[in-house]
Amino acid sequence: MQGQKQGMKLSYLGSDAEELSEVLTRCIGPVRVQRPLKTDLSYSYEFAAAGRVAFSRVISHGSLSIGQKDEVPKLLILLPLHGSACVQVGRSESLISKPGEAAILDGNRLSELQIEGSRSHLSFVIDQEEIFQRLRGSLERPVYGSLDFTPQLDLADGAGQIIFKLSQIMATSFGADGAMHNMPETLSHLSGSIVNLLVDTVPHRFSTALNQGEWLPSPRHVKRAVDFMHANLAGPMSMTDIAEAAGIGVRSLQEGFKRFKGMTPISYLTQLRMEAAHRDLLKADQRISVAEIARKWGFRHMGRFATEYRKCYGCPPSEARNGLPLHVEPGD
10 MQGQKQGMKL
20 SYLGSDAEEL
30 SEVLTRCIGP
40 VRVQRPLKTD
50 LSYSYEFAAA
60 GRVAFSRVIS
70 HGSLSIGQKD
80 EVPKLLILLP
90 LHGSACVQVG
100 RSESLISKPG
110 EAAILDGNRL
120 SELQIEGSRS
130 HLSFVIDQEE
140 IFQRLRGSLE
150 RPVYGSLDFT
160 PQLDLADGAG
170 QIIFKLSQIM
180 ATSFGADGAM
190 HNMPETLSHL
200 SGSIVNLLVD
210 TVPHRFSTAL
220 NQGEWLPSPR
230 HVKRAVDFMH
240 ANLAGPMSMT
250 DIAEAAGIGV
260 RSLQEGFKRF
270 KGMTPISYLT
280 QLRMEAAHRD
290 LLKADQRISV
300 AEIARKWGFR
310 HMGRFATEYR
320 KCYGCPPSEA
330 RNGLPLHVEP
340 GD
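For the sequence shown, the working numbering gives the first residue as 10, with consecutive numbering after it.
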C-alpha cells in the first residue's frame, strides 16, 4: 500500500487542498483534492497502517471533492459518522454515503467523493491481494479479476454492525492518549477480522462459489491433477494427459473440477499459466519481450493474451513489463 510499513501512523490538520492531496496520495493512493473558489475548508486526517489494510478517521468542514487520479487494486470502505457525501463511480453510477450505511468502492473503477458542509467518517483501504489470498486459500484455485462487492452495507445489523463496532475500537488507536495507542499487531488482527467478515458475509463475485461448497477440500484425484499441472506447467498438456496423471477418466476429471474448483480443468490450467506469466513479467530481464514470456507459458495469440491479462491484473502486460503495476502476487 504505497509502501507503508506495519504500524505507520500519520496525523494531518489543515485547509490547503494541494497539501491534502499530497497527504492522501502518500497514504491511500493517487488522488486530487479540489475545493471551490472563495470557500472555507478545514480537514483533520488520522491514518494508521495495519499490514495490507489502512485505517483512517476524517473530519471535514466546507466544500471539497476527492477524486482518484489513477486506478488502484484496492477496496475503499467508508463508514460515515456524521454528514452525507455523494460518491460518483465511473461516469454513470452514484450513491449517497450517509450514517448507517457503509460504501464499498473498488479502486479499479475511478470514483470521486463530493462533500458539502460538515462530514466525519472512518475508512478502510484494503489491498485487494489480501482478499485474493484468502479466497485462494478457501477455494484452492487461482483467483483474480474484479471482486464486485455489493456497493452498500447496512451498519445497523449483522456483519455490518460488527464491522462498524470493530472500526470504532480501532479508532481508539488515534491520539497520544488513545486506548490502543502503539498497538500495531492488535490493529492488524482486528483489520484481518474485518477482511474475513467482508469475504464471508458481504455479497461479491466469488460468494456463490464459497456458498456452494467449492471451499471443501479437493479429493485426491483433483489434487493429483493439480500437482501434475504445476509440475508440467510450461509444457504441452492435454485433457487426456491430465486425466491419466490423476488416475481417472476425462469425464470424471471434468466433473471433479466443476464441483471442487468451479471451472474446467483447462480453464484452471490457463489461470495457473497466466499467474506464471505475470510473475515472469514482473521479474524477468528487460531484454526478454512480452511475447517470449507469453509463449513460454503456452499463450500463442498475443492479442488474446493481452486482453485476458488486462482483465486479470488491471493493466496491459507491457506496463507490467516496465514494472508499473501495483498488483503483485504473494511471494514476489
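The beta carbon of each residue, even a glycine, is placed where N, CA and C say it ideally should be.
If you're wondering where the values come from, they're calculated on a predicted model, not measured in any experiment.
From what residue to what residue does the alpha helix (DSSP H) around residue i run?
i, result
"Phe308", "That residue, Phe308, is in no alpha helix (DSSP H); it is neither H nor E in DSSP."
"Lys18", "Element bounds for Lys18: not the alpha helix (DSSP H) but the beta strand (DSSP E), Lys18 to Gly23."
"Asp136", "Here Asp136 belongs to no alpha helix (DSSP H); instead the beta strand (DSSP E) covers Ser127 to Asp136."
"Leu122", "That residue, Leu122, is in no alpha helix (DSSP H); its beta strand (DSSP E) goes Ser120 to Ile124."
"Asp209", "Pro193 to Thr210"
"Lys267", "Val259 to Phe269"
"His239", "Arg229 to Ala240"
"Asp250", "Met248 to Ala255"
"Leu370", "Residue numbering for the chain in the displayed model covers 10 to 341; residue 370 lies beyond these limits and cannot be assessed."
Ignore the nearest five residues each way along the sequence and tell me which others in residue i's own chain have a CB closer than 6 Å to its CB.
i, result
"Arg66", "Glu55, Leu131, Ala180 and Phe183"
"Met165", "Correcting the residue identity first, residue 165 is Ala in this sequence and not Met. Result list for Ala165: Gly109, in chain order."
"Met10", "Only weak support is given to the placement of Met10: the predicted model assigns it a pLDDT of 39, under 50, and the question is left unresolved by the model."
"Ala59", "Leu196, Ser197 and Ser200"
"Arg143", "Val208"
"Met192", "none"
"Gln13", "Because Gln13 sits at a pLDDT of 48, beneath the cut-off of 50, its placement in the model cannot be relied upon, and the point is left open."
"Leu119", "Gln77"
"Asp163", "Gly169"
"Leu342", "The question about residue 342 has no answer here: the residues shown for the chain are numbered 10 through 341."
Buried or exposed for residue i, please, with buried defined as at least 16 other CB atoms from any protein chain shown within 10 angstroms of its CB.
i, result
"Pro212", "exposed"
"His336", "Annotation note: pLDDT 37 at His336 (below 50); position unreliable, no value reported."
"Ile37", "buried"
"Arg282", "buried"
"Gly126", "exposed"
"Gly413", "Absent from the structure is residue 413, since the part of the chain shown begins at 10 and ends at 341."
"Lys83", "buried"
"Gln295", "exposed"
"Arg128", "buried"
"His230", "buried"
"Met311", "exposed"
"Ala252", "buried"
"Ala112", "buried"
"Ser247", "exposed"
"Asp157", "exposed"
"His91", "exposed"
"Gly265", "buried"
"Gln177", "exposed"
"His239", "exposed"
"Ala234", "buried"
"Ser101", "exposed"
"Ala300", "exposed"
"Lys320", "exposed"
Tell me, which residues are paired with residue i by DSSP?
i, result
"Arg41", "Gly76"
"Arg66", "Glu55 and Leu131"
"Ile105", "Cys95"
"Gln295", "According to DSSP, Gln295 bridges with nothing at all."
"Ile178", "None; Ile178 has no bridge partner."
"Lys47", "Note: Lys47 sits in no beta bridge, so no partner."
"Ile86", "Ile113 and Phe133"
"Gly71", "Leu50"
Counting along the chain, where does the beta strand (DSSP E) carrying residue i start and finish?
i, result
"Pro325", "That residue, Pro325, is in no beta strand (DSSP E); it is neither H nor E in DSSP."
"Ile113", "Glu110 to Asp115"
"Leu162", "Gln161 to Asp163"
Which same chain residues, not among the five before or five after residue i, have their C-beta less than 7 Å away from its C-beta?
i, result
"Gln43", "Ala26, Leu73 and Ser74"
"Val40", "Ser30, Leu33, Thr34, Ile75, Gly76, Gln77 and Lys78"
"Ala315", "Pro325 and Pro326"
"Glu28", "none"
"Cys366", "The structure shown has nothing for residue 366, since the chain only spans 10 to 341."
Please go through the same chain and pick out, in chain order, the residues whose beta-carbon is closer than 8 Å to the beta-carbon of residue i, but skip the five residues on each side of it.
i, result
"Asn205", "Arg143"
"Leu333", "Only weak support exists for where Leu333 lies, its pLDDT of 44 falling under 50; the coordinates are left without a value."
"Val81", "Gly38, Pro39, Gly116, Asn117 and Leu335"
"Gln161", "Leu104, Glu110, Ala111, Ala112 and Ile113"
"Leu50", "Ser24, Ala26, Arg44, Ser69, His70, Gly71, Ser72 and Leu73"
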